[in-house]
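**Student:** Heads up: the sequence shown begins at 41 in my numbering, then just goes up one per residue. Glycine included, every Cβ here is placed at the ideal spot set by N, Cα and C. Mind looking over this structure? Questions follow.
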Amino acid sequence: MSTQSENRSANERKTENAATFKVYPYRRMVQFGFLLLTIWIGIEFIVWVKQLESGLSPTLSRPPGVEVFLPLSALISLKYWLLTGVFNLIHPSGLVIFMIVLATGVLLKKGFCSWVCPFGLLSEYLAKIHIVLFDRIRKIPGWLDYPLRSLKYLLLLFFGGSILFGMNVLRLEQFINSPYNKVADIKMLQFFANMSDVTLWTLVILVLLSILIPYFWCRYLCPYGALLGMISWFSPLKIHRNAESCIDCDKCTNVCPAGIQVHKANAVFSDECNACLECVDACPVKDTLYLSVTKKQWKLSRKAYLFILIGLFVLGTAMAKISGFWQNNISTKEYQYYIKRMNEPVYNHNRGAVPDYEGKSDQSRK
41 MSTQSENRSA
51 NERKTENAAT
61 FKVYPYRRMV
71 QFGFLLLTIW
81 IGIEFIVWVK
91 QLESGLSPTL
101 SRPPGVEVFL
111 PLSALISLKY
121 WLLTGVFNLI
131 HPSGLVIFMI
141 VLATGVLLKK
151 GFCSWVCPFG
161 LLSEYLAKIH
171 IVLFDRIRKI
181 PGWLDYPLRS
191 LKYLLLLFFG
201 GSILFGMNVL
211 RLEQFINSPY
221 NKVADIKMLQ
231 FFANMSDVTL
241 WTLVILVLLS
251 ILIPYFWCRY
261 LCPYGALLGM
271 ISWFSPLKIH
281 RNAESCIDCD
291 KCTNVCPAGI
301 QVHKANAVFS
311 DECNACLECV
321 DACPVKDTLY
331 LSVTKKQWKL
341 SRKAYLFILI
351 GLFVLGTAMA
361 KISGFWQNNI
371 STKEYQYYIK
381 RMNEPVYNHN
391 RGAVPDYEGK
401 SDQSRK
């Protein structure tokens, strides 16, 4: 006991973290880098669609990265690939990006949420507005927080379960090759460009709720976050705390956006941990909080985490481009045909069911 007290007293005299590398500014740069990339892809896609709608031959190519906003199509493609070995080329980049994100969940916990996702960045700034309004983060009581956190898993079960358990190979193939799936990215753009009052007010309410209750969307409703949270349980990488050198200053817990009691945990197993590493940055005692596979072995520095995360996206995208699994196989002529018929029932979503239209659209076009 005396030795431990002496260690704590010595540690208490350390007023600054011996580690000079702070991850926060680099995480912000990565977040804004992906945000700018997303905006660029969006602008390029809008111009491409507008040129198609005007009957002109597009001067820009369709940006494959837009498929990142089609996660359900990617999940369908992933299941089809695992069952048949066929990597379909309707939305190949969507599947590639989806698999990269899943890989980050296994290797790096929910780093996608706090380092890459634009909605995660937006949530952080909405939380800053909350602090300006209320001086500090006001947390909702646990009896309400826990059931609300289950909502995102119910949404994941609703969307993912219907695909994983309700679609056989035939239905998967029918959806993948359906006219609706081929133009799902264009339909998505049209949905938000011509959003109804209900959609607009839903978005406004979500923003307001995210100001009143920080990280409302991410914590309670995002099914993507729920999926990564489940996967992160299987990640060997965890934030570990050295109880012997810990001075119980609670700084790690105070900065945690997920509200995790980091100062009480030997290892952080929570599915809410986004691997933002704010707690590691805040710790004033060297080697007290750190990323590692086990408590004392296979430590991973914050710099290494940063490079591995970016490297997964760069390497995964490069391999997809080299192997021909990045650009889709839908020609400009086909898109010009589809864009003129977007209001036909065959191009509308059928609420999860696959209508009997397979082959008809291609035959009529030919």
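Along the chain, where does the beta strand (DSSP E) containing residue 278 start, and where does it finish?
**Tutor:** Taking the sequence shown and counting its residues from 1, the one referred to as residue 278 is at position 238. It spans 278-281 - the beta strand (DSSP E) in which residue 278 sits, taken as one unbroken run.
**Student:** When you compare the CB positions of residue 228 and residue 109, do they come within less than 8 Å of one another, or not?
**Tutor:** As a working note, residue 228 is residue 188 in the sequence shown. As a working note, residue 109 is residue 69 in the sequence shown. Contact: yes.
**Student:** My understanding is that residue 86 touches residue 105, with C-beta atoms under 8 Å, so please give their C-beta distance in whole angstroms.
**Tutor:** As a position in the sequence shown, residue 86 is number 46, starting the count at 1. As a position in the sequence shown, residue 105 is number 65, starting the count at 1. About 13 Å; that fails the 8 Å criterion.
**Student:** Please determine, among 292, 346 and 217, the residue with the shortest C-alpha to C-alpha distance to residue 144.
**Tutor:** Position 104 of the sequence shown, counting from 1, holds the residue named residue 144. Cα-wise, what sits closest to residue 144 is 346.
**Student:** Between the beta-carbon of residue 279 and the beta-carbon of residue 320, is there less than 8 Å?
**Tutor:** Along the sequence shown, read from residue 1 onward, the residue named residue 279 stands at position 239. Along the sequence shown, read from residue 1 onward, the residue named residue 320 stands at position 280. Yes, these two residues count as a Cβ contact at 8 Å.
**Student:** Is the distance from the Cβ of residue 153 to the Cβ of residue 246 below 8 Å?
**Tutor:** Position 113 of the sequence shown, counting from 1, holds the residue named residue 153. Position 206 of the sequence shown, counting from 1, holds the residue named residue 246. No.
**Student:** Along the chain, where does the beta strand (DSSP E) containing residue 331 start, and where does it finish?
**Tutor:** Residue 331 sits at position 291 when you count from the first residue of the sequence shown. From DSSP, the beta strand (DSSP E) with residue 331 extends over 329-332.
**Student:** Just tell me which of 217, 184, 102 and 254 has its CA closest to the CA of residue 174.
**Tutor:** The residue given as residue 174 occupies position 134 in the sequence shown. Considering only alpha carbons, the answer is 254.
**Student:** With which residues is residue 340 paired in a DSSP beta bridge?
**Tutor:** As a working note, residue 340 is residue 300 in the sequence shown. Answer is 331, bridged to residue 340.
**Student:** Can you tell me whether residue 225 is buried or exposed, with buried defined as 16 or more other CB within 10 angstroms of its CB?
**Tutor:** What you label residue 225 is simply residue 185 of the sequence shown in a count that begins at 1. Its Cβ being crowded by 16 or more others within 10 Å, residue 225 is buried.
**Student:** As a quick exercise: from 92, 66, 72 and 73, pick the residue whose alpha carbon is nearest that of residue 373.
**Tutor:** For this step, residue 373 is matched to residue 333 along the sequence shown. Among 92, 66, 72 and 73, the Cα nearest to that of residue 373 belongs to 92.
**Student:** For a quick check, are the C-beta atoms of residue 120 and residue 213 less than 8 Å apart?
**Tutor:** Locating residue 120 in the sequence shown gives position 80, counting from the first residue. Locating residue 213 in the sequence shown gives position 173, counting from the first residue. For residue 120 and residue 213, yes; Cβs fall inside 8 Å.
**Student:** Using a 10 Å radius around the Cβ and a threshold of 16 neighbouring Cβ atoms, would you call residue 284 buried or exposed?
**Tutor:** Locating residue 284 in the sequence shown gives position 244, where the first residue counts as 1. With fewer than 16 other Cβ atoms within 10 Å, it is exposed.
**Student:** Who are residue 307's beta bridge partners in DSSP?
**Tutor:** Counting from 1 along the sequence shown, the entry for residue 307 is found at position 267. Answer is 280, bridged to residue 307.
**Student:** In three-state terms, what does DSSP make of residue 351?
**Tutor:** Taking the first residue of the sequence shown as 1, we reach residue 351 at position 311. Residue state, collapsed to three classes: helix.
**Student:** Which word fits residue 344, buried or exposed, when buried means at least 16 other C-beta atoms lie within 10 angstroms of its C-beta?
**Tutor:** Position 304 of the sequence shown, counted from the first residue, corresponds to residue 344. Residue 344 is exposed by the Cβ-count criterion.
**Student:** Would DSSP call residue 107 helix, strand or coil?
**Tutor:** Here residue 107 refers to the residue found at position 67 when the sequence shown is read from its first residue. Helix, per DSSP.
**Student:** With hydrogens ignored, establish whether the beta-carbon of residue 170 is closer than 7 Å to any heavy atom of the ligand MG.
**Tutor:** By its list of ligands, the structure shown contains no ligand whatsoever, and the ligand MG lies outside what it can speak to.
**Student:** Hey, would you say residue 236 sits closer than 8 Å to residue 147, going by beta carbons?
**Tutor:** Taking the sequence shown and counting its residues from 1, one reaches residue 236 at position 196. Taking the sequence shown and counting its residues from 1, one reaches residue 147 at position 107. Cβ atoms of residue 236 and residue 147: not closer than 8 Å.
**Student:** Just to confirm before moving on: does the CB-CB distance between residue 219 and residue 386 stay below 8 Å?
**Tutor:** In the sequence shown, counting from the first residue as 1, residue 219 sits at position 179. In the sequence shown, counting from the first residue as 1, residue 386 sits at position 346. Yes, the Cβ-Cβ distance between residue 219 and residue 386 is below 8 Å.
**Student:** Could you give the distance in angstroms between the alpha-carbon of residue 313 and the alpha-carbon of residue 300?
**Tutor:** On the sequence shown, residue 313 is found 273 positions in, with the first residue counted as 1. On the sequence shown, residue 300 is found 260 positions in, with the first residue counted as 1. Computed Cα separation, rounded: 8 Å.
**Student:** So, at 7 Å on beta carbons, what are the nonlocal neighbours of residue 98 in its own chain, with the 5 sequence-adjacent residues on each side left out?
**Tutor:** Taking the sequence shown and counting its residues from 1, one reaches residue 98 at position 58. Within the same chain, residue 98 has close Cβ partners 88, 91, 92 and 372.
**Student:** Quick check on residue 101: buried or exposed, where buried means 16 or more other Cβ atoms within 10 Å of its Cβ?
**Tutor:** Numbered from its first residue, the sequence shown carries residue 101 at position 61. By the neighbour-count rule (16 or more Cβ atoms within 10 Å), residue 101 is not buried but exposed.
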